[in-house]
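With UniProt numbering, letter number 13 in the sequence shown gets 13, and the count goes up by one each step, no holes.
Every residue, glycine too, gets a C-beta built ideally from N, C-alpha and C.
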Amino acid sequence: MKKNLADIIDNLSRTKSTGLLTINFSSEKNLLKFYLKDGEIYHISFGFKKGLQCLDDLASRQPVSCSFIPQISLDMTSDDIPSTEKLIKQLKEMNKFIDSQDSTSLSSDFAKIKDGIKTALIRQIGPIGGKITEKYISERWVPSNPPSKEDFLNLIDMLKEEIEDPQSRREFLQEVNKLLEVYK
């Protein structure tokens with residue numbers, strides 16, 4: 001489905017997404033990369049170029065597709081980029097349409113399922129369940145693509161071992177399996 005690139009970034013901004021939005025061009029091996037943290041763009045790169053130079057390249061090229069990879073971060077920032085709101089306005093003026101993999105819904109599905117799993121574990125073992133869930137995700141999941149159902153099943157398998165009571169473990173598994181019914 002064709003979407004305006006500005007609308008895709010606006011949606012990621014409104015949902016306070018953290019991760020990497022990559023843009024592919026038909027005749028280019030390099031990717032245009034927008035790094036976001038809590039919905040704010042903090043770095044842009046395109047090959048060896050950084051910051052505003054990348055937007056000049058975008059203006060002269062037609063993007064083909066994009067994808068969003070959640071939870072990717074980078075230690076560097078682009079000092080010369082305007083605010084996210086101004087970037088969105090500039091992108092709207094460029095009127096760049098792109099084939100979207102519906103990456104923004106994958107990102108929000110991921111966040112909803114992750115929060116649901118965390119909540120289910122908190123119900124069974126208390127507030128420490130949220131910390132344990134985050135610990136397992138940060139230590140054992142290296143985000144390179146949006147997680148698959150199998151990735152979530154592996155996470156659930158690890159987390160269920162944190163629940164000692166068999167009845168509580170069954171309740172946890174029932175709750176999280178309902179969450180995964182909607183995930184591909």
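When burial is assigned at 16 or more other CB atoms within 10 Å of the CB, is residue i buried or exposed?
i    : result
L172 : One detail in the question is off: residue 172 reads as Phe in this sequence, not Leu. Buried.
A6   : buried
F34  : buried
G19  : buried
D115 : exposed
L36  : buried
D56  : exposed
Q124 : buried
F48  : exposed
D10  : buried
In the structure shown, what three-state DSSP assignment does residue i receive?
i    : result
N95  : coil
N177 : helix
G129 : helix
P166 : helix
D75  : coil
I81  : coil
K149 : helix
T15  : coil
S144 : Only weak support is given to the placement of S144: the predicted model assigns it a pLDDT of 46, under 50, and the question is left unresolved by the model.
Can you check DSSP and say which residues form a bridge with residue i?
i           : result
D25         : According to the sequence provided, residue 25 is Phe. The question's Asp does not apply to it. P63.
K160        : Paired residue(s): none; K160 is not in a bridge.
L32         : I23 and F46
F68         : L21
residue 185 : A question about residue 185 goes unanswered here, because the residues of the chain that appear run from 1 up to 184.
Please indicate yes or no: does the CB of residue i lie closer than 6 angstroms to some heavy atom of the ligand COA?
i   : result
K29 : Among the components of this structure there are no ligands whatsoever, and the ligand COA is therefore not found.
Please check if any C-beta of chain D sits within less than 7 angstroms of the C-beta of residue i.
i   : result
K49 : Of the protein chains in the structure, only one exists, and it is not chain D.
Do the stretch 68-82 and the stretch 32-44 make contact, defined as three or more Cβ pairs closer than 8 angstroms? Using a Cβ-Cβ distance cut-off of 8 angstroms, the stretch 68-82 and the stretch 32-44 are in contact, since at least three pairs of beta carbons, one from each stretch, lie closer than that value.
Would you say the stretch 81-96 touches the stretch 115-129, given that touching needs at least three Cβ pairs under 8 angstroms? Touching, no.
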